[in-house]
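Okay, so here's the structure we're looking at.
In our numbering, the protein residues as written are 13 to 587.
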């Protein structure tokens with residue numbers, strides 16, 4: 013009888029990945045190969061699969077926790093065994109005429125589901141998918157207005173079961189559904205969480221439609237191939253089976269029996285870890301448009317896993333392309349190309365980067381469902397890179413700083429009726445000029461707006477990023493709050509002191525109460541912005557907070573003019 017592990021090894025042995033899928037490494041291939049050889053000598057694959065904490069760090073404080081955070085190694089197999097359960101839930105939902113599916117989540121509990129909703133086709137007759145991961149009251153109201161409450165199913169997703177945003181979303185929509193369904197309101201909710209969490213207990217007490225318990229040894233950002241990433245996709249009729257088949261194939265190529273030179277995750281991890289260790293830590297993601305949403309998941313995985321202990325890889329996602337001379341020497345690139353995608357801009361950029369000698373990894377997918385394998389490859393690579401940097405890639409020690417500061421702000425609000433004040437300026441303030449002139453060659457510029465994302469605002473921020481990058485050669489990031497607090501927020505506080513932060517706030521046009529709380533969604537959002545400001549300030553980070561008032565678009569235009577003037581009068585510092 014051939015055991016499952018031997019069968020997977022046999023499959024990988026007789027079905028090698030084509031070179032374009034494995035990944036081609038340019039400019040620094042020999043240096044990366046040396047790191048692969050080093051990892052082989054350290055028995056890296058064997059120690060990862062054995063859940064050996066000493067492979068990652070010698071700090072005894074992590075020795076007990078790390079083995080409990082590697083369940084993702086088996087998540088493709090675990091998920092495959094649950095497809096029938098998800099299919100039964102899908103049939104039940106569709107037969108009961110569910111027209112809207114709403115995912116209430118933050119960070120790792122919702123990012124993979126969002127990625128798949130934007131990459132994979134939905135089934136015919138599928139419910140409309142909505143994601144709520146913003147406490148901005150306009151975002152909450154936008155979902156409320158978009159759904160048919162009598163035919164809506166809510167997925168309440170939180171690994172810990174205590175996430176303040178998710179619990180606030182739930183209480184708001186549970187009250188709304190109670191007005192429609194009365195005592196049967198809980199049947200419109202499905203919980204996705206770990207065993208024995210407050211969310212699991214509440215779901216049982218209120219009698220949710222069902223509760224889906226995730227393995228507790230799968231960390232949030234590593235949970236793409238589990239209930240968190242795949243249930244919403246299955247409920248919308250997306251091809252989850254094909255996704256998992258590719259994930260299983262990729263997993264087989266990373267088993268310890270596979271030689272290091274044929275392990276695609278080890279190679280990508282060596283590429284990331286090697287360059288970060290020699291000061292090239294701005295990982296710039298260049299993806300075909302059809303699979304570009306995958307970058308948001310990679311961004312969280314890399315930032316939250318490696319951004320700690322003053323170290324870290326800085327993921328640069330969705331930055332507008334530049335001429336080659338506008339990229340600094342701290343950049344490396346990963347190109348993820350869809351074979352039949354819209355690559356008219358990507359292909360010339362890739363060739364130009366090769367010609368200029370920039371470190372580059374080039375991967376090609378044949379179909380969008382192959383992001384299933386990429387979920388696993390990038391998780392394995394990130395763990396490997398973390399080991400090369402001698403950090404624990406499975407904890408997030410600084411995320412709690414903003415959470416605790418937010419709680420303190422809310423406590424003060426409930427006691428005094430006002431949030432604490434922090435320094436803030438107008439879009440015309442000269443402080444913005446000082447922020448720009450203080451940029452150093454290896455810095456990155458992070459734009460952190462705490463208001464609702466729209467396509468128009470995305471375009472304005474893209475133009476702003478392009479202008480700053482082209483003038484200074486500094487990498488740029490964009491993250492809407494509070495969403496980014498569950499993604500790049502760990503890197504901002506725990507990573508290297510290379511971040512320059514522009515926090516943007518605004519007055520909402522409406523506000524909504526959070527049932528059972530003495531504050532509104534607008535107050536919660538503002539408390540999160542203040543909490544993040546205070547956490548960054550306490551870390552000595554360079555941050556300016558700009559309040560745009562109630563006219564966000566007009567405020568952004570003023571901001572753009574001020575920054576343009578600041579750039580025109582500043583001289584970029586030499587590397």
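Just so it is clear, CB atoms sit at the ideal spot from N, CA and C, and this is done for glycine as well.
**Request:** Name the two residues that bound the continuous beta strand (DSSP E) containing residue 556.
**Result:** If you number the chain shown from 1, residue 556 lands on position 544. Start and end: 554-559.
**residue 418 burial status per 10 Å Cβ neighbour count (16 or more: buried)** = If you number the chain shown from 1, residue 418 lands on position 406. Buried, since its Cβ has 16 or more Cβ neighbours within 10 Å.
**Message:** Below 8 Å, how does it come out for the segment 115-130 and the segment 235-243: are there three or more Cβ pairs, yes or no?
**Reply:** yes
**Prompt:** Going along the chain, which unbroken runs of the alpha helix (DSSP H) with 4 or more residues stay wholly within the segment 265-291?
**Reply:** 276-289
**Request:** Can you have a look at residue 336 and say buried or exposed, based on whether 16 or more other CB atoms are within 10 angstroms of its CB?
**Result:** Taking the chain shown and counting its residues from 1, one reaches residue 336 at position 324. Counting Cβ neighbours within 10 Å, residue 336 comes out exposed, since fewer than 16 surround it.
**Prompt:** Roughly how many whole angstroms lie between the Cα atoms of residue 394 and residue 403?
**Reply:** For the purposes of this step, residue 394 is identified with residue 382 of the chain shown, where counting begins at 1. For the purposes of this step, residue 403 is identified with residue 391 of the chain shown, where counting begins at 1. Distance between the alpha carbons of residue 394 and residue 403: 11 Å.
**Burial state of residue 300, where buried means 16 or more other Cβ atoms lie within 10 Å** = Working through the chain shown from its first residue, we reach residue 300 at position 288. Classification of residue 300: buried, given that the 10 Å Cβ count is 16 or more.
**Asked** Taking just the CA atoms, how far does residue 450 sit from residue 485?
**Response** In the chain shown, residue 485 corresponds to position 473, counting from 1. In the chain shown, residue 450 corresponds to position 438, counting from 1. Cα to Cα, residue 485 sits roughly 13 Å from residue 450.
**Request:** Within its chain, find whatever has a CB closer than 7 Å to the CB of residue 432; leave out the 5 residues flanking it on each side and keep chain order.
**Result:** Start at 1 with the first residue of the chain shown, and residue 432 comes out as number 420. Excluding residues within five positions, the ones whose Cβ falls inside 7 Å are 421, 424 and 542.
**Prompt:** When burial is assigned at 16 or more other CB atoms within 10 Å of the CB, is residue 173 buried or exposed?
**Reply:** Stepping through the chain shown from its first residue, residue 173 is reached at position 161. Residue 173 comes out buried.
**Prompt:** For residue 234, which residues from the same chain have a beta carbon less than 6 Å from its beta carbon, with the 5 sequence-adjacent residues on both sides left out?
**Reply:** Here residue 234 refers to the residue found at position 222 when the chain shown is read from its first residue. So the qualifying residues of the chain are 84 and 391.
**Request:** Could you please give me the residues that DSSP links to residue 374 through a beta bridge?
**Result:** Within the chain shown, residue 374 is the residue found at index 362, counting from 1. According to DSSP, which records beta bridges pairwise, residue 374 is partnered with 36 and 347.
**Message:** According to DSSP, simplified to helix, strand and coil, what is residue 487?
**Reply:** On the chain shown, residue 487 is found 475 positions in, with the first residue counted as 1. Reduced to three states, the DSSP call for residue 487 is strand.
**Asked** Would you report the Cα separation of residue 502 and residue 107, rounded to the nearest angstrom?
**Response** The residue labelled residue 502 in the question sits at position 490 within the chain shown. The residue labelled residue 107 in the question sits at position 95 within the chain shown. Approximately 42 Å, taken between the alpha carbons.
**Prompt:** Just how far apart, CA to CA, sit residue 205 and residue 211?
**Reply:** Position 193 of the chain shown, counting from 1, holds the residue named residue 205. Position 199 of the chain shown, counting from 1, holds the residue named residue 211. Using only the alpha carbons, I get a separation of about 7 Å.
**Item:** Buried/exposed call for residue 27, threshold 16 Cβ in 10 Å
**Value:** By 1-based counting over the chain shown, the position of residue 27 is 15. It counts as exposed.
**Message:** One question on the structure: do residue 355 and residue 326 come within less than 9 Å of each other, judged by their Cβ atoms?
**Reply:** Walking along the chain shown from the start, residue 355 turns up at place 343. Walking along the chain shown from the start, residue 326 turns up at place 314. Not closer than 9 Å, so no.
**Asked** What are the residues that DSSP puts in a beta bridge with residue 142?
**Response** Position 130 of the chain shown holds residue 142. Bridge partners of residue 142: 114.
**Message:** Among the candidates 165, 67, 77 and 87, whose CA atom is the shortest distance from the CA of residue 115?
**Reply:** Here the question's residue 115 lines up with position 103 in the chain shown. Selected option, being the one with the closest Cα: 165.
**Asked** Are the beta-carbon atoms of residue 101 and residue 117 separated by less than 9 Å?
**Response** Sequence index remark: in the chain shown, residue 101 carries index 89 (1-based). Sequence index remark: in the chain shown, residue 117 carries index 105 (1-based). In this structure, residue 117 does not lie closer than 9 Å to residue 101 by Cβ.
**Request:** Taking residue 376 and residue 349 to be in contact with their CB atoms under 8 Å, please state how far apart those CB atoms are, rounded to whole angstroms.
**Result:** Counting from one through the chain shown, the residue named residue 376 turns up at place 364. Counting from one through the chain shown, the residue named residue 349 turns up at place 337. Confirmed, Cβ separation roughly 5 Å.
**Item:** Enclosing beta strand (DSSP E) for residue 511 [first to last residue]
**Value:** Here residue 511 refers to the residue found at position 499 when the chain shown is read from its first residue. Where residue 511 is concerned, the enclosing beta strand (DSSP E) stretches over 511-517.
**Item:** CB contact flag (residue 601, residue 571, <9 Å)
**Value:** The structure shown does not extend to residue 601, since the chain is modelled only from 13 to 587, so the question has no answer here.
**Message:** If I measure Cβ to Cβ from residue 465 and keep anything under 7 Å in the same chain, skipping five residues before and after, which residues do I get?
**Reply:** One-based indexing of the chain shown puts residue 465 at position 453. These residues qualify, in order along the chain: 492.
**Request:** Mind checking which residues open and close the alpha helix (DSSP H) that includes residue 149?
**Result:** On the chain shown, position 137 is the one that residue 149 refers to. Residue 149 -> alpha helix (DSSP H) spans 149-158.
**Request:** Keeping to the same chain, check which residues put their C-beta closer than 6 Å to that of residue 368; ignore five residues upstream and five downstream.
**Result:** Counted from its first residue, the chain shown places residue 368 at position 356. If we look at residue 368 and ignore the five residues flanking it on each side, its Cβ neighbours are 336.
**Asked** Counting Cβ pairs closer than 8 Å, one from the segment 132-141 and one from the segment 167-186, do we hit at least three?
**Response** no
**Request:** Quick one: residues in its chain with C-beta nearer than 8 Å to the C-beta of residue 586, no 5 flanking neighbours on either side, listed in chain order?
**Result:** Taking the chain shown and counting its residues from 1, the one referred to as residue 586 is at position 574. If we look at residue 586 and ignore the five residues flanking it on each side, its Cβ neighbours are 453.
**Request:** Would you mind sorting residue 290 into buried or exposed? The rule is 16 or more other CB atoms within 10 Å of its CB.
**Result:** Taking the chain shown and counting its residues from 1, the one referred to as residue 290 is at position 278. Exposed, by the Cβ-count rule.
**Prompt:** Does DSSP classify residue 425 as helix, strand or coil?
**Reply:** Along the chain shown, one-based indexing puts residue 425 at 413. The answer is helix: DSSP assigns residue 425 an H, G or I state.
**Request:** Answer yes or no: do residue 59 and residue 407 have a C-beta to C-beta separation smaller than 9 Å?
**Result:** The residue labelled residue 59 in the question sits at position 47 within the chain shown. The residue labelled residue 407 in the question sits at position 395 within the chain shown. In this structure, residue 407 does not lie closer than 9 Å to residue 59 by Cβ.
**Prompt:** Looking only at DSSP bridge pairs, what is residue 460 linked to?
**Reply:** The residue you call residue 460 lines up with position 448 of the chain shown. In the DSSP output, where bridge partners are listed per residue, residue 460 has 515.
**Message:** Is the beta carbon of residue 258 closer than 9 Å to that of residue 382?
**Reply:** Your numbering for residue 382 matches position 370 in the chain shown. Your numbering for residue 258 matches position 246 in the chain shown. Contact flag set, yes.
**Prompt:** Considering only the beta carbon of each residue, do residue 263 and residue 436 sit closer than 9 Å?
**Reply:** Mapped onto the chain shown, residue 263 falls at position 251. Mapped onto the chain shown, residue 436 falls at position 424. No, these two residues do not count as a Cβ contact at 9 Å.
**Item:** Neighbour-count burial assignment, residue 528, 16 or more Cβ in a 10 Å radius
**Value:** In the chain shown, residue 528 corresponds to position 516, counting from 1. Result: exposed.
**Message:** Using only the alpha-carbon positions, how far apart do residue 333 and residue 97 sit?
**Reply:** Locating residue 333 in the chain shown gives position 321, where the first residue counts as 1. Locating residue 97 in the chain shown gives position 85, where the first residue counts as 1. C-alpha separation (whole angstroms): 43 Å.
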